[in-house]
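Taking it in order: structure first as structure tokens, then the write-up.
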Amino acid sequence: NAGVTQTPKFRILKIGQSMTLQCTQDMNHNYMYWYRQDPGMGLKLIYYSVGAGITDKGEVPNGYNVSRSTTEDFPLRLELAAPSQTSVYFCASSYLHPAGIYNEQFFGPGTRLTVL
Amino acid sequence: ILNVEQSPQSLHVQEGDSTNFTCSFPSSNFYALHWYRWETAKSPEALFVMTLNGDEKKKGRISATLNTKEGYSYLYIKGSQPEDSATYLCALMYNNNDMRFGAGTRLTVKP
Chain A
85 NAGVTQTPKF RILKIGQSMT LQCTQDMNHN YMYWYRQDPG MGLKLIYYSV GAGITDKGEV
145 PNGYNVSRST TEDFPLRLEL AAPSQTSVYF CASSYLHPAG IYNEQFFGPG TRLTVL
Chain B
808 ILNVEQSPQS LHVQEGDSTN FTCSFPSSNF YALHWYRWET AKSPEALFVM TLNGDEKKKG
868 RISATLNTKE GYSYLYIKGS QPEDSATYLC ALMYNNNDMR FGAGTRLTVK P
């Protein structure tokens, strides 16, 4: 298993440009998450999904959109990039068993995004 | 949903010392508490998932306890080694599936 993969690893955007950060997991996990990590701030949840076709806002969703058309993929879209979106973005997945047994999150390697 | 607090922010210990740090939270209305280990230039890796008051987990020299009534979890490292140097993150999964992370405790173990 490759686990959680993210592309690209690095990207520089100009203000107002748009882009999609890709995230794929091959573990058949039902839950997927997008976080951003700013220095000294820990991880902030942007959006999450509990299954294909279902997405919900996290703590800092403004300026982002997501979709979950398949179990494997959970892309994050930035429509109008702003300097405040300069950050490291992590995708994660986990599995919640139907019996309510909850497992840990597995993280991707991250995407470092700079908006100039 | 309220913030997850971790203390101390950073910690420097000598090799062989035992140490512990705290994750505190104001509400017991959560589904699970996670501890993650995050090494520089890598991704966070799970240490423990805790769900019950009084829960205790152990993995090698690292252990954790959870007290939902008092609103805290402790992570203990016995006989710290330089390879334990990392940031240790605490996170709560609330009943609506929202996840909130603390800012972490950065541990440095000096040889």
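Top line first, the protein sequences correspond to chains A and B. With this note's numbering applied, the first sequence covers 85 to 200. With this note's numbering applied, the second sequence covers 808 to 918. Every residue gets a Cβ at the ideal spot worked out from N, C-alpha and C, and that includes glycine. Note that the structure is a prediction, hence the values are computed from the model and not measured.
Out of curiosity, what's the CA-to-CA distance linking residue i and residue j?
{"i": "R844 (chain B)", "j": "K98 (chain A)", "result": "34 Å"}
{"i": "Q813 (chain B)", "j": "F832 (chain B)", "result": "9 Å"}
{"i": "D905 (chain B)", "j": "E188 (chain A)", "result": "14 Å"}
{"i": "N149 (chain A)", "j": "S887 (chain B)", "result": "42 Å"}
{"i": "P889 (chain B)", "j": "W842 (chain B)", "result": "19 Å"}
{"i": "T155 (chain A)", "j": "V820 (chain B)", "result": "43 Å"}
{"i": "A919 (chain B)", "j": "A910 (chain B)", "result": "Here chain B covers residues 808 to 918 and nothing more, so residue 919 (chain B) does not appear."}
{"i": "A839 (chain B)", "j": "Y132 (chain A)", "result": "16 Å"}
{"i": "G867 (chain B)", "j": "D824 (chain B)", "result": "15 Å"}
{"i": "Y115 (chain A)", "j": "H181 (chain A)", "result": "10 Å"}
{"i": "T872 (chain B)", "j": "Y179 (chain A)", "result": "23 Å"}
{"i": "K864 (chain B)", "j": "L164 (chain A)", "result": "44 Å"}
{"i": "Y883 (chain B)", "j": "I869 (chain B)", "result": "6 Å"}
{"i": "S940 (chain B)", "j": "T858 (chain B)", "result": "Because chain B here runs from 808 to 918, residue 940 (chain B) falls outside it and cannot be looked at."}
{"i": "G100 (chain A)", "j": "E852 (chain B)", "result": "34 Å"}
{"i": "M103 (chain A)", "j": "P167 (chain A)", "result": "14 Å"}
Please find out if some non-hydrogen atom of the ligand GTP comes closer than 7 Å to the beta-carbon of residue i.
{"i": "Y895 (chain B)", "result": "Absent from the structure shown: the ligand GTP. Ligands present: none."}
Measure from the alpha carbon of residue i to the alpha carbon of each residue in the options, then state which is nearest.
{"i": "N827 (chain B)", "options": "B:G909, B:Y881 and B:N836", "result": "B:Y881"}
{"i": "N860 (chain B)", "options": "B:S870, B:N874, B:S850 and B:I869", "result": "B:N874"}
{"i": "F837 (chain B)", "options": "B:F908, B:N902 and B:R907", "result": "B:N902"}
{"i": "N146 (chain A)", "options": "A:H181, A:I130, A:N85 and A:N114", "result": "A:I130"}
{"i": "G126 (chain A)", "options": "B:Q816, B:G823, B:V916 and B:M900", "result": "B:Q816"}
{"i": "E822 (chain B)", "options": "B:A898, B:E863, B:S850 and B:S892", "result": "B:S892"}
{"i": "F855 (chain B)", "options": "B:T912, B:Y895 and B:N810", "result": "B:Y895"}
{"i": "A86 (chain A)", "options": "A:D110, A:P92, A:M103 and A:F94", "result": "A:D110"}
{"i": "S153 (chain A)", "options": "A:Q106, A:A166, A:P167 and A:L164", "result": "A:Q106"}
{"i": "T915 (chain B)", "options": "B:K876, B:E846 and B:I869", "result": "B:E846"}
{"i": "R907 (chain B)", "options": "A:T198, A:K128 and A:L164", "result": "A:K128"}
{"i": "A176 (chain A)", "options": "A:V199, A:H113 and A:Y186", "result": "A:H113"}
{"i": "P159 (chain A)", "options": "A:T108, A:P123 and A:G135", "result": "A:T108"}
Who are residue i's beta bridge partners in DSSP?
{"i": "F908 (chain B)", "result": "B:A898"}
{"i": "Q821 (chain B)", "result": "B:K917"}
{"i": "L180 (chain A)", "result": "A:Y186"}
{"i": "S870 (chain B)", "result": "B:K865 and B:Y883"}
| field | Entirely enclosed beta strand (DSSP E) segments - the region 87–157 of chain A, minimum 3 residues | value | Every beta strand (DSSP E) of 3 residues or more that sits fully in the region 87–157 of chain A is shown, in chain order, as 88–91, 94–97, 103–109, 115–121, 127–135, 138–141 and 148–150.
| said: Taking 8 Å as the cut-off, does the region 192–199 of chain A touch the region 138–146 of chain A (at least 3 CB pairs, one atom from each stretch)? | reply: no
| query | So does the region 116–125 of chain A actually touch the region 163–176 of chain A, counting three or more Cβ pairs closer than 8 Å? | reply | yes
| Completely contained beta strand (DSSP E) runs for the region 824–856 of chain B, where each covers 3 or more residues | 826–831 and 837–845
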